[in-house]
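A.B. asks:
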Amino acid sequence: MNDIANKLIIIQQFAIEQLKRWGLTGDYRNDWCMVWDKSVRRYGQCRYHKQEIGVSKHLVKLNSIEESKDVVLHEIAHALTGIGHGHDAYWKRMCIKVGARPERCYTPESKGGNVKTVQGKYNVINKDTGEVYYSYHRRPKRTDWSQAWISGRKRETAGKLQLVGNTPNKSESPYRLQA
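Take 437 as the starting number for the sequence shown in my numbering and just add one per residue.
(1) With DSSP as the reference, identify every bridge partner of Asn438, one or two as the case may be.
(2) Could you check where the alpha helix (DSSP H) with Asp473 kicks off and where it finishes?
(3) In terms of residue numbering, what span does the alpha helix (DSSP H) encompassing Tyr572 cover?
(4) Please name the residue in Lys497, Ile512, Glu453 and Asn602 whose C-alpha comes closest to that of Gly566.
(5) Using only the alpha-carbon positions, how far apart do Gly462 and Val554 sit?
(6) Val476 by DSSP, collapsed to three states: which one?
(7) If you count every other CB in all the chains shown that lies within 10 Å of the CB of Pro610, and 16 or more means buried, which is it?
(8) Nearest CA to the CA of Arg477: which residue from Gly595, Arg591, Lys493 and Tyr484?
(9) How would you write the range of the alpha helix (DSSP H) that Tyr526 sits in, first residue to last?
(10) Taking C-beta to C-beta, are Asn562 and Leu599 nearer than 9 Å?
(11) Taking C-alpha atoms, which residue in Ile512, Lys505 and Val496 lies nearest to Glu488?
(12) What residue range is occupied by the uninterrupted beta strand (DSSP E) comprising Glu511?
(13) Just how far apart, CA to CA, sit Lys528 and Leu498?
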């Protein structure tokens, strides 16, 4: 069995164990489960109405087991606090109790964090320098970038932005890492 498949199994087993540990399974009123989803922008999601904890298969494949376990615990804290708490102080206390970092979102490596992200299909770049300002997974609705600029950097970017598609090398993995 390869490392990626092994990683997915480890995270799924961890999620099942933690759901049982915190009393979120086994009761007809409280029967939570963990499901994989195809998200490339968010790592995890708590779906209260379905009693599901959704975890991104793409981001688990890219990141460490420890980082992925933290996401599972983050979502379990949401399930335990219930609807309406979001990332408030009560949720933060629950995060600490279950062993998750009490942080609202992950920080991608591209912004100084430690979470690897899936590279977007489209980049907004500076035509002159090639600097990438934004990365999008879906094509932006804007079609004319000639009059656009980056907020706070108008002087250096006005009229110099261009949308370009990321054309991956066929030999690369579809889970290219964003620098």
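Here a beta-carbon is modelled for each residue, glycine too, at the ideal position from N, C-alpha and C.
C.D. replies: Result, derived from the coordinates:
(1) The residue given as residue 438 occupies position 2 in the sequence shown. Note: Asn438 sits in no beta bridge, so no partner.
(2) Residue 473 sits at position 37 when you count from the first residue of the sequence shown. Looking at the DSSP string, Asp473 is not in any alpha helix (DSSP H); the run it does join, the beta strand (DSSP E), is Cys469 to Asp473.
(3) Numbered from its first residue, the sequence shown carries residue 572 at position 136. Counting along the chain, Tyr572 falls outside any alpha helix (DSSP H), though it belongs to the beta strand (DSSP E) covering Val568 to Tyr572.
(4) As a first step, residue 566 must be located in the sequence shown, where it is residue number 130. Out of Lys497, Ile512, Glu453 and Asn602, Asn602 has the C-alpha closest to the C-alpha of Gly566.
(5) By one-based count along the sequence shown, residue 462 stands at place 26. By one-based count along the sequence shown, residue 554 stands at place 118. Computed Cα separation, rounded: 35 Å.
(6) Mapped onto the sequence shown, residue 476 falls at position 40. It is coil, neither helix nor strand.
(7) One-based indexing of the sequence shown puts residue 610 at position 174. The predicted position of Pro610 is uncertain, since its pLDDT is 49 and thus under 50; a value taken from the coordinates is nonetheless stated next. Looking at its Cβ environment, which holds fewer than 16 other Cβ atoms inside 10 Å, Pro610 is exposed.
(8) The sequence position of residue 477 within the sequence shown is 41, counting from 1. Considering only alpha carbons, the answer is Lys493.
(9) Translated into the one-based positions of the sequence shown, residue 526 becomes position 90. Note, Tyr526: alpha helix (DSSP H), Ala525 to Val534.
(10) Taking the sequence shown and counting its residues from 1, one reaches residue 562 at position 126. Taking the sequence shown and counting its residues from 1, one reaches residue 599 at position 163. Contact flag unset, no.
(11) Residue 488 sits at position 52 when you count from the first residue of the sequence shown. Glu488 has its Cα closest to that of Ile512, out of Ile512, Lys505 and Val496.
(12) Here residue 511 corresponds to residue number 75 of the sequence shown, with the count starting at 1. Segment Ile501 to Thr517 is the alpha helix (DSSP H) holding Glu511; no beta strand (DSSP E) there.
(13) Walking along the sequence shown from the start, residue 528 turns up at place 92. Walking along the sequence shown from the start, residue 498 turns up at place 62. The alpha-carbon atoms of Lys528 and Leu498 are separated by roughly 26 Å.
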